[in-house]
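*Asks:*
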Amino acid sequence: MVEQATKMKRLINAIWIFNWFNSCGFTELVPVVGSRWDMERFGMVITGTPRHADVLFIAGYQTLKSIRRAQVIYEQMPDPKAVIAMGACTMSGGMYWDSYNTVKRLEDYIPVTIYIPGCPPRPEAVFEACMKIFHHVGAVPPHGKKFAKAHSG
Amino acid sequence: MLRKENKVIEDVSAKFKIAGNVQRERRVWVTIDKDNLVALCSFLKGLGFEHLSAISVTDWPQEGTFELTYHLWSYSEKILLTVKTKLDRANPCVDSVISVWRENAQIHERELHELFGVKFEGNGDLTPLFLEGWDGPPPFRKDFNWREYARQQHYDKSNERERAYYD
Amino acid sequence: MNEKELITIEHIEPIMPEDTDYNFYFGPAHSGSGNFGVKLRLEGEMVKSARADPGYLHRGFEKLMEYRVPMQNAVLSDRICVFEALNWNLVHAEAVDELTGVEVPQRARYIRVLMAELSRLQSHLIWYGVMSLGLGFDTGFKVAFGYRDYILDLFELITGGRVYPAGYICPGGVRRDLPDGSENKIRRVLDQIEEMTHKMQDFDNIAFSKRMKGVGILKTEDAIRLGATGPVLRACGVKTDVRKDDPYEIYNELDFDIPVREEGDAYARYLIMGSEMEESIKIIKQVLERIPKGKVREPAKITPPSRVKLPEGEVYVRNEIARGEGCAYMRSVGGKEPYRVKIRGPDFLHMIPVLEHLLKGVQIADIPAIYWSLNICPADMDR
Numbered sequence: 581m582v583e584q585a586t587k588m589k590r591l592i593n594a595i596w597i598f599n600w601f602n603s604c605g606f607t608e609l610v611p612v613v614g615s616r617w618d619m620e621r622f623g624m625v626i627t628g629t630p631r632h633a634d635v636l637f638i639a640g641y642q643t644l645k646s647i648r649r650a651q652v653i654y655e656q657m658p659d660p661k662a663v664i665a666m667g668a669c670t671m672s673g674g675m676y677w678d679s680y681n682t683v684k685r686l687e688d689y690i691p692v693t694i695y696i697p698g699c700p701p702r703p704e705a706v707f708e709a710c711m712k713i714f715h716h717v718g719a720v721p722p723h724g725k726k727f728a729k730a731h732s733g
Numbered sequence: 009m010l011r012k013e014n015k016v017i018e019d020v021s022a023k024f025k026i027a028g029n030v031q032r033e034r035r036v037w038v039t040i041d042k043d044n045l046v047a048l049c050s051f052l053k054g055l056g057f058e059h060l061s062a063i064s065v066t067d068w069p070q071e072g073t074f075e076l077t078y079h080l081w082s083y084s085e086k087i088l089l090t091v092k093t094k095l096d097r098a099n100p101c102v103d104s105v106i107s108v109w110r111e112n113a114q115i116h117e118r119e120l121h122e123l124f125g126v127k128f129e130g131n132g133d134l135t136p137l138f139l140e141g142w143d144g145p146p147p148f149r150k151d152f153n154w155r156e157y158a159r160q161q162h163y164d165k166s167n168e169r170e171r172a173y174y175d
Numbered sequence: 210m211n212e213k214e215l216i217t218i219e220h221i222e223p224i225m226p227e228d229t230d231y232n233f234y235f236g237p238a239h240s241g242s243g244n245f246g247v248k249l250r251l252e253g254e255m256v257k258s259a260r261a262d263p264g265y266l267h268r269g270f271e272k273l274m275e276y277r278v279p280m281q282n283a284v285l286s287d288r289i290c291v292f293e294a295l296n297w298n299l300v301h302a303e304a305v306d307e308l309t310g311v312e313v314p315q316r317a318r319y320i321r322v323l324m325a326e327l328s329r330l331q332s333h334l335i336w337y338g339v340m341s342l343g344l345g346f347d348t349g350f351k352v353a354f355g356y357r358d359y360i361l362d363l364f365e366l367i368t369g370g371r372v373y374p375a376g377y378i379c380p381g382g383v384r385r386d387l388p389d390g391s392e393n394k395i396r397r398v399l400d401q402i403e404e405m406t407h408k409m410q411d412f413d414n415i416a417f418s419k420r421m422k423g424v425g426i427l428k429t430e431d432a433i434r435l436g437a438t439g440p441v442l443r444a445c446g447v448k449t450d451v452r453k454d455d456p457y458e459i460y461n462e463l464d465f466d467i468p469v470r471e472e473g474d475a476y477a478r479y480l481i482m483g484s485e486m487e488e489s490i491k492i493i494k495q496v497l498e499r500i501p502k503g504k505v506r507e508p509a510k511i512t513p514p515s516r517v518k519l520p521e522g523e524v525y526v527r528n529e530i531a532r533g534e535g536c537a538y539m540r541s542v543g544g545k546e547p548y549r550v551k552i553r554g555p556d557f558l559h560m561i562p563v564l565e566h567l568l569k570g571v572q573i574a575d576i577p578a579i580y581w582s583l584n585i586c587p588a589d590m591d592r
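Protein chains in written order, with our numbering: chain X, 581 to 733; chain Y, 9 to 175; chain V, 210 to 592.
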């Protein structure tokens, strides 16, 4: 995993994550920050403001009240950005499929880049998703070919 | 055995002429009509039941009533006493017990007002607690079917992935 | 200058030097809070009043449980509060056991207590970690979450899940027995957690303790009136614990103390957390010595859930979960599903009345110390 990370460094240097840890995913995202599954060695850093962030983690189920706030945060993030949706609840409603207040399909509200299955997903799954994000951010140029040329090789 | 619990029932029924039963040790259940509810609660607080653990509402649509349960714990006697009372479902209105247990009762009543639609007279702050911009019926009542609601509002019949919810 | 184009400038009220009142939303996206918002009215740097804004995680648990049979509810009950999943599992399982009147085998009772105390240990480690994070002490955060992972590995070994044990403590006992060799592993983990408690005492440096001493003082009569329970109440001088006052499972056979302090401030709550961790380690050691042999589930032959009916009745179950008093009221009319389940979490009271009371008249810089010392869990409040 470490040599893959060094290859990715040529595409991007780091991804910065906005600290919107909510719902059940909080308990598995905090060990990702913690000392056992340290994410800073891959260049992933937590920021407190959406303006500095590249990636938004939607860590679990969202209710109608919190999805409105997440939408505002998503709009404040500058391009290029990605949304990682963690957990089964973002895909189909998960265990609360018959609740009147939760959001069943996250893609109706925010465009999602990658889904991570699990309830909650293990930290290793979170890292695998982040590796795929590294591919995504390097490969898809948001402002035309010039951006990709300047940032590859 | 069960001496303390029986004594509590004796004290309560001497003053209020109601029956109670001792379910097991440390669990006593008492039923009263809603007009004497606040008087009973003040009396119980004087007996030592100073901790209000929870207030709950059970919906009985066939009988047309709401049943309120007040769960009280006494730190000194170490007994849990539950007071049950019934309200009319069409016009659920009861006096608030804020005068007895203050903020503890106030927040429980606010939640129940939002979720069941029960009106508590004397509680000044019955604004919505959990839901924002909810204009449907009180969500925890028995006649609001959540599975039907979720199927209509959130799922899409034409979507392949969600066909299972409609079978 | 062209006379026709006279541009009028709007008269804007100048901000006078004495205007210092403003509203500040310490909300869910703030790095210092959780999934929970508090609306503050500030005068300069001092809080005049606070109003809690819950509801970001409201799923409607109580009614979700009415649609599911008890074995399905056992899996759902871990998610009432994600930090102490096994403790809520135990609350639900006890409620159903008391309704059905089943006699839970002794070995299952001991395993239930073992898992509940391990869950309390890892919940207190989360408390320590986020409290250090809120106060800016990053080392404490990283170390606490590192040690917590030893306990999560134990959970994975015994129940199959790191965070959610998939209803391991179910009505009738526990789902399966402890695997071979788990006793040695548990003892090794306990040694490591003891090492962590020693480290916590070493980390108690001036910067940490000066920020929390005398901050967020809760007096005894206010605490009882506002409905505080658990460590928050014990820090105010009330010696009460549901495990001693209203014993459940096998707690009346075990020997442990209840740490109590008189000051009622954030530092007292922090010290109680450390003492409670040591008491939990003592309890687990006693459980490991006394655990009997036998079956772990009653009935041993599993009947399909669709055939089990709950007898008619009502119960109220009280447990001491890591944050305070967690209770469940269950009412059944003889069907397969419960008719009404009411879940009372300690954080419902800690986050709304107690927090609003404690935040009056404090400086902004003290808000993290008060907020995190109450050991909040928004999921438990909203359910």
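Note that beta-carbon positions come from the ideal geometry of N, C-alpha and C, so glycine has one too.
1) Can you pull out the residues from the segment 660 to 684 of chain X whose beta carbon lies closer than 8 Å to at least one beta carbon of chain Y?
2) Can you pull the DSSP bridge partners for L76 (chain Y)?
3) How many Å lie between T586 (chain X) and D618 (chain X) at the Cα?
4) Can R452 (chain V) be considered in contact with the ligand GTP, in the sense that its beta carbon sits closer than 8 Å to one or more heavy atoms?
5) Would you say I597 (chain X) reaches chain V, if we count a Cβ-Cβ gap shorter than 9 Å as a contact?
6) Report the partner residues of Q572 (chain V) according to the DSSP bridge assignment.
7) Using only alpha-carbon positions, find the residue among Y:E129, Y:R155 and Y:G56 that is nearest to R434 (chain V).
8) Going straight from the alpha carbon of S679 (chain X) to that of Q410 (chain V), what length do you get?
9) Excluding the five sequence neighbours on either side, which residues of its own chain have a C-beta within less than 7 Å of the C-beta of K12 (chain Y), listed in chain order?
10) DSSP on W596 (chain X), reduced to helix/strand/coil?
11) Would A665 (chain X) and D634 (chain X) qualify as a contact pair, given that the criterion is a beta-carbon distance under 9 Å?
12) Mind pulling the beta strand (DSSP E) runs of 3 or more residues that sit fully within the segment 539 to 584 of chain V?
13) Can you give me the Cβ contacts of E275 (chain V) inside the same chain, cut-off strictly under 8 Å, excluding the 5 residues immediately before and after it?
14) At what residues does the alpha helix (DSSP H) containing K518 (chain V) begin and finish?
15) Which residues, in chain order, does the segment 150 to 169 of chain Y contribute to contact with chain X at a C-beta distance below 9 Å?
16) With 8 Å as the limit, tell me which residues of the segment 263 to 274 of chain V have their beta carbon closer than that to any beta carbon of chain Y; keep them in chain order.
17) For I653 (chain X), go through chain V and note every residue whose CB falls closer than 7 Å to its CB, in chain order.
18) Report the partner residues of F637 (chain X) according to the DSSP bridge assignment.
19) I want to verify the contact list: residues of chain Y whose CB lies under 9 Å from the CB of E534 (chain V), in sequence order.
20) With DSSP collapsed to three states, give me the class of R470 (chain V).
21) Within its chain, find whatever has a CB closer than 7 Å to the CB of Q114 (chain Y); leave out the 5 residues flanking it on each side and keep chain order.
22) Does Y163 (chain Y) come out as helix, strand or coil in the three-state DSSP assignment?
23) At the level of alpha carbons, what is the spacing between G28 (chain Y) and D455 (chain V)?
24) Could you spell out the range, first to last residue, of the beta strand (DSSP E) harbouring T39 (chain Y)?
25) For V424 (chain V) versus D575 (chain V), is the C-beta spacing smaller than 9 Å?
26) Is it right to say D306 (chain V) is buried, meaning 16 or more other beta carbons lie within 10 angstroms of its own, or is it exposed?
27) Confirm, please, whether the CB-CB distance from Y83 (chain Y) to T93 (chain Y) is below 9 Å.
28) Out of X:L609, X:C604 and X:S603, which has the shortest C-alpha to C-alpha gap to P703 (chain X)?
29) 9 Å is my cut-off, CB to CB: does K645 (chain X) come that close to chain Y?
*Replies:* Taking the geometry as given:
1) Along the segment 660 to 684 of chain X, the positions whose C-beta sits under 8 Å from a C-beta of chain Y are S672, G673, W677, D678, S679, Y680, N681, V683 and K684, read in chain order.
2) Residue mapping note: residue 76 (chain Y) aligns to position 68 of the second sequence, counting from 1. Partner(s): Y:V65 and Y:T93.
3) Within the first sequence, residue 586 (chain X) is the residue found at index 6, counting from 1. Within the first sequence, residue 618 (chain X) is the residue found at index 38, counting from 1. The predicted position of T586 (chain X) is uncertain, since its pLDDT is 48 and thus under 50; a value taken from the coordinates is nonetheless stated next. Their Cα atoms are separated by approximately 16 Å.
4) Looking for the ligand GTP in the displayed structure turns up nothing, as the structure carries no ligands at all.
5) The sequence position of residue 597 (chain X) within the first sequence is 17, counting from 1. By this cut-off, I597 (chain X) is not an interface position.
6) Your numbering for residue 572 (chain V) matches position 363 in the third sequence. Its beta-bridge partners are V:M255.
7) Residue numbering aside, residue 434 (chain V) sits at position 225 when the third sequence is read from its first letter. Nearest of Y:E129, Y:R155 and Y:G56 to R434 (chain V), Cα basis: Y:G56.
8) On the first sequence, residue 679 (chain X) is found 99 positions in, with the first residue counted as 1. On the third sequence, residue 410 (chain V) is found 201 positions in, with the first residue counted as 1. Their Cα atoms are separated by approximately 44 Å.
9) To locate residue 12 (chain Y), count along the second sequence from 1; it is residue 4. The answer, listed in chain order, is E85 and I87.
10) For this step, residue 596 (chain X) is matched to residue 16 along the first sequence. Looking at W596 (chain X) - three-state DSSP - the assignment turns out to be strand.
11) Counting from 1 along the first sequence, the entry for residue 665 (chain X) is found at position 85. Counting from 1 along the first sequence, the entry for residue 634 (chain X) is found at position 54. No, these two residues do not count as a Cβ contact at 9 Å.
12) 549 to 553, all fully within the segment 539 to 584 of chain V.
13) Position 66 of the third sequence, counting from 1, holds the residue named residue 275 (chain V). Cβ neighbours of E275 (chain V) beyond the five flanking positions: E546, P547, Y548, R549 and V550.
14) Here residue 518 (chain V) refers to the residue found at position 309 when the third sequence is read from its first residue. That residue, K518 (chain V), is in no alpha helix (DSSP H); it is neither H nor E in DSSP.
15) F152, W154, R155, Y157, A158, R159, Q161, H162, Y163, D164, N167 and R169
16) P263, G264, H267, G269, E271, K272 and L273
17) The residue given as residue 653 (chain X) occupies position 73 in the first sequence. Going along chain V in sequence order, the residues near I653 (chain X) (Cβ under 7 Å) are A238.
18) By 1-based counting over the first sequence, the position of residue 637 (chain X) is 57. Looking at the DSSP assignment, F637 (chain X) forms a beta bridge with X:I664.
19) As a working note, residue 534 (chain V) is residue 325 in the third sequence. Here the neighbours are H59, S61 and W81.
20) Locating residue 470 (chain V) in the third sequence gives position 261, counting from the first residue. Residue state, collapsed to three classes: coil.
21) For the purposes of this step, residue 114 (chain Y) is taken as the residue at position 106 of the second sequence. Only I106, N131 and D133 meet the Cβ criterion.
22) As a working note, residue 163 (chain Y) is residue 155 in the second sequence. In the structure shown, Y163 (chain Y) sits in coil (DSSP, three-state: anything other than H, G, I, E or B).
23) Within the second sequence, numbered from 1, the residue matching residue 28 (chain Y) stands at position 20. Within the third sequence, numbered from 1, the residue matching residue 455 (chain V) stands at position 246. Computed Cα separation, rounded: 21 Å.
24) The sequence position of residue 39 (chain Y) within the second sequence is 31, counting from 1. Start and end: R35 to T39.
25) As a position in the third sequence, residue 424 (chain V) is number 215, starting the count at 1. As a position in the third sequence, residue 575 (chain V) is number 366, starting the count at 1. Remark: C-beta atoms of V424 (chain V) and D575 (chain V) approach each other more closely than 9 Å.
26) In the third sequence, residue 306 (chain V) corresponds to position 97, counting from 1. That one is buried.
27) In the second sequence, counting from the first residue as 1, residue 93 (chain Y) sits at position 85. In the second sequence, counting from the first residue as 1, residue 83 (chain Y) sits at position 75. Going by C-beta atoms, T93 (chain Y) is not nearer than 9 Å to Y83 (chain Y).
28) Taking the first residue of the first sequence as 1, we reach residue 703 (chain X) at position 123. Looking from the CA of P703 (chain X), the closest CA among X:L609, X:C604 and X:S603 belongs to X:L609.
29) Numbered from 1 along the first sequence, position 65 holds the residue referred to as residue 645 (chain X). Yes, contact with chain Y.
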